[in-house]
Each structure stands twice: as structure tokens, then as C-alpha cells.
Amino acid sequence: MSDGSPITDDHAPPFRWWLLPSWLGLDAPCVALTWTWATGRASGVALHARPAAAMFLVVWFIYLSDRLIDVARCRDWTHATGRLRFGRSARPLFGVCLLVCLVGIVALLGAGLPAEVIQRAALVAIGVGLHGLLFVVPVLFRTKLPGKEFGVGLFFALGAYACLGEAARTWPLLVSVFLVVTFACLVIAARDADSDRVNDPGGASRWWRTMNRDLVWLGVALTLAAALTAVGGRAFGLSLAVSFAGLTALHGAAHRLSGDAVRALADVLLLTPVPILGAFALL
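Take 1189 as the starting number for the sequence shown in this note's numbering and just add one per residue.
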């Protein structure tokens, strides 16, 4: 467990400015907003500005809080990722960001959010709370349960549901969001295996022994399945296919990159709906 002293060992990774959005936790809300917007475009359901902004702030708040929890529970800083080390050294900045999130959320609630969005968000919040108790802070059990990567994928899909609502045409798209986010989390977990071995007993690499090999075949299968849905010019399916293909290639090259670089590149590969749907809109 950390004693709060400065990190001075030689294992600290060098600072890279392009990793800063990931280290600040901005990757998660950007990805969540991107796929929620893409789901809305593909299903014909409008994503309004206030629910979108509220989701961004809520997801950012959750990820900032999760990082601070991970910092407090870190057992071995010699194996900690740069992302975790940054969370330790920048705790005051994280506190300011948390305050910004809270003020923004309160302001949006005061300005008015649709009642149905608040109701759906409340249901999702219950699930997020259970996820935290089972996979983040082991309160109900003595250790973290395995499978947090799948929980994160479900959390992103349910965030889109909270903003867009329930419609028959959105459910297949929400399942797709779950799959692509979960796959990205698994690619990241595979690269962070050394850190997770000492700092995260619930990491996928701890219980999925053939993970490195299986992710290649899983990525190929998911890419082909998504490509089939893109036949006929469906931009959402094409976005999925490009994301899955890119993540599979990233997994194959992950041993040449740092864990923080893999995470940052995985986040970029999850933003494919922005250029693809944008290009389709111009055609």
C-alpha cells in the first residue's frame, strides 16, 4: 500500500504529452460520448446536448474516482503503470477535476434534464455501484471478482441506453458497443499483465491463461462479423469493423509498446465513428 511519498525509482516511465488525455481520464468520456452519438445516428434517435454533457461529466467523474481508488490500493509501485503514477503525483489536479464534474452535473440538473433520462440514469447508477463494490473496491467479497473488463463494456452500453432510451432498433447497437469496448479493455489488460499480477487480482490476465492467443482469433472473428453488418453502406458497422481490426493489430504489436501507449492507442481506435460517420454524412 502506498505511503504517499514521492516516486523516485528508476522504473518511472517518461512523460509523454500525448498520453495526457488518457492519464487525466478524458479517454473514457470521449469514447462513451462517441459511441452514444454513433448509436443515436444509426438508430435515428437524437442525442440532445444536455444529456450528452451530463454523461460526459458523470463518466469522467467515475473514472477519476476509480483512478484515485487504484492509487490508494496500489501494492507495488515498481510495477505500476505511468497512468497510475500520474494519478498519484497529480492528486490535487484530480481533486479539481472532480469538483468541475460535480459543479457541471449540478448545473445541468438545475438547467433541466428530461425526466426519463434521469430515471434511466438512476437505474444505471445502481448497476455502476454494484460494479464498484464487486470489481473496484472488494466490499462484498475479500478480493476483486474477475471480469471487470466485461463490466466496463456493459457500463458504456448502458450509458448510451440512459441517454437514448429503449427502442428495438437500438438494442443490437448497444450490444455492439458492449463488445467493442470490452474487447478494447481486454487488449489493454493483456498488455498490463505484469502490473495486474501484483496490483489488480481481478485483471483478466490473472484468470484467462490463453488470453494473448485467444484475443487474436476473437478479434478476427469480431472484425469479420462487423464487416458483414457494414455491407450495404452501414457506417456504424464499418466503424465497428475498423475498430476491431485496429485493436486486433494493436494487440499483435503490443509487446513493442508500453502499457500506457497501448491504452492511449486503443482509445484512439475507439473513436473511429467520428471520421467514418462524418464522411458518410458528407456523401
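Note that the Cβ used here is the ideal one computed from N, Cα and C, for glycine as well.
Closer than 8 Å by C-beta to residue i: which residues in its own chain qualify, once you throw out the five before and the five after it? Chain order, please.
| i | result |
| --- | --- |
| A1241 | G1292, L1296 |
| T1231 | Before going further, note that residue 1231 is Ser rather than Thr in the sequence given. So the qualifying residues of the chain are L1352, A1355, R1357, T1358, L1361. |
| D1191 | Any reading at D1191 must be qualified, since the residue scores a pLDDT of 44, below 50, and its modelled position is unreliable; the value itself is stated next. No residues qualify anywhere along the chain. |
| R1444 | none |
Find out if the Cβ-Cβ distance for the pair residue i, residue j is shorter than 9 Å.
| i | j | result |
| --- | --- | --- |
| L1252 | F1274 | no |
| V1247 | P1217 | yes |
| Y1349 | L1362 | yes |
| P1239 | P1302 | yes |
| K1336 | A1372 | no |
| S1446 | A1414 | no |
| L1426 | A1437 | no |
| G1315 | F1344 | no |
| M1243 | G1347 | yes |
| V1404 | A1454 | no |
| V1450 | W1223 | no |
| R1279 | L1311 | no |
Short of 6 Å in beta carbon distance, which residues of its chain neighbour residue i, apart from the five on each side in sequence? Order them along the chain.
| i | result |
| --- | --- |
| L1245 | C1289, G1292, I1293 |
| L1207 | D1448, A1452 |
| S1442 | According to the sequence shown, residue 1442 is Ala rather than Ser. Cβ neighbours of A1442 beyond the five flanking positions: R1379, V1450. |
| R1308 | A1350 |
| R1397 | none |
Could you tell me how far apart the beta carbons of residue i and residue j are, in whole angstroms, since I believe they sit closer than 8 Å?
| i | j | result |
| --- | --- | --- |
| A1423 | L1465 | 5 Å |
| A1313 | P1461 | That belief does not hold up - the Cβ atoms of A1313 and P1461 are roughly 25 Å apart, past 8 Å. |
| L1214 | F1249 | With a Cβ gap of about 12 Å, L1214 and F1249 do not count as contacting. |
| G1228 | A1237 | The Cβ separation is near 12 Å, so there is no contact. |
| V1219 | L1410 | The Cβ separation is near 17 Å, so there is no contact. |
Go ahead and label residue i buried or exposed: buried means 16 or more other beta carbons lie within 10 angstroms of its beta carbon, across all protein chains shown.
| i | result |
| --- | --- |
| S1298 | Going by the sequence as given, residue 1298 is Gly instead of Ser. So G1298 counts as exposed. |
| W1211 | buried |
| A1378 | buried |
| G1339 | buried |
| H1439 | buried |
| G1300 | exposed |
| S1431 | buried |
| L1471 | exposed |
| D1264 | exposed |
| G1317 | exposed |
| D1402 | exposed |
| L1412 | exposed |
| L1416 | exposed |
| R1276 | buried |
Any beta carbon from chain B within less than 9 Å of residue i's own beta carbon?
| i | result |
| --- | --- |
| G1213 | No chain B appears in the structure shown, which is made up of a single protein chain. |
Leaving out five residues on either side along the sequence, give the residues of the same chain with a beta carbon under 7 Å from the beta carbon of residue i.
| i | result |
| --- | --- |
| G1434 | L1457 |
| L1272 | D1258, V1259, C1262 |
| T1269 | D1380, S1383, G1447, D1448 |
| E1304 | G1353 |
| H1319 | G1339, F1343 |
**Asked** Which ranges does the alpha helix (DSSP H) cover as unbroken runs of at least 4 residues, wholly within the stretch 1268 to 1318, from first to last along the chain?
**Response** Listed in chain order, they are 1270 to 1277, 1279 to 1299.
Whole runs of the alpha helix (DSSP H) within the stretch 1398 to 1442, excluding any shorter than 4 residues: 1399 to 1418, 1423 to 1441
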